[in-house]
Amino acid sequence: MVRDRLHRPDPPPMDRPRSAFRPDLHQALEHARQLYVATERKDGTLSSVSPVWFMYDGDAVYFTTAPTSHKAKRAAAGRTLHVRIGRKDGPHFQGPMSLVRDPAVADRMRPLYRRRYWLAWLGLITPSAARIAAGKSVIVRVAPAAS
1 MVRDRLHRPD PPPMDRPRSA FRPDLHQALE HARQLYVATE RKDGTLSSVS
51 PVWFMYDGDA VYFTTAPTSH KAKRAAAGRT LHVRIGRKDG PHFQGPMSLV
101 RDPAVADRMR PLYRRRYWLA WLGLITPSAA RIAAGKSVIV RVAPAAS
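Mapping of the sequence shown onto the numbering used here: residues 1 to 147, in sequence order.
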């Protein structure tokens, strides 16, 4: 019986939901340490580019910002975020931003930040559920726009 099991091929993997990201973007997001983002203003021009730390969950990227920042205000308006992955000339995508005010998302972000960023590992600059709950930080979520 054990012998038969050893010689049987592995069953096919369960179908996993497809990522919202193209395979090349998915791969880049899995390995990148930061994103370079620019928000779209009302007149369609782009803001200056800012590096941000992020969490990627396969469906979207998330990062924190101050609720008074231009990123937060433009996210609240559903504006587009232009994202370069890993470097200013890295692979890119754009998509509508939304604000997340769920402290549980910050709790998901914290251990990922600690693994990826040494300052976060030291306990500095990590997403905080308490700051989200108090309205001192917000989380921006973005996924690629449908093609």
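Built from N, CA and C at the ideal position, the CB exists for glycine as well.
If you pair each beta-carbon of the segment 106-118 with each one of the segment 72-86, do three or more pairs fall below 8 Å? At 8 Å Cβ cutoff, the stretches do not touch.
In three-state terms, what does DSSP make of tyrosine 56? Look at tyrosine 56 here: in three-state DSSP terms it is strand.
Taking alanine 38 and leucine 29 to be in contact with their CB atoms under 8 Å, please state how far apart those CB atoms are, rounded to whole angstroms. Rounded, the Cβ-Cβ distance is 17 Å, inconsistent with contact.
May I ask you to report which of helix, strand or coil DSSP gives alanine 104? In the structure shown, alanine 104 falls within a helical segment according to DSSP collapsed to helix, strand and coil.
In this structure, how does DSSP classify proline 96 when only helix, strand and coil are distinguished? Of the three classes helix, strand and coil, the one that applies to proline 96 here is strand, per DSSP.
Whole angstroms are fine: how far does the CA of valine 142 sit from the CA of glycine 95? Distance between the alpha carbons of glycine 95 and valine 142 is about 6 Å.
Closest Cα partner of valine 138 within the set Arg87, Ala76, Ile85: When only C-alpha atoms are compared, the closest one is Ala76.
Confirm, please, whether the CB-CB distance from aspartate 24 to proline 67 is below 7 Å. Cβ distance not < 7 Å, so proline 67 and aspartate 24 don't count as in contact.
With a CB to CB cut of under 8 Å and the five nearest residues on each side skipped, what residues in its chain are close to proline 103? Close CB contacts of proline 103 within its chain, under the 8 Å cut and outside five residues either way in sequence, are with Ala129, Ala130, Ile132, Ala133 (chain order).
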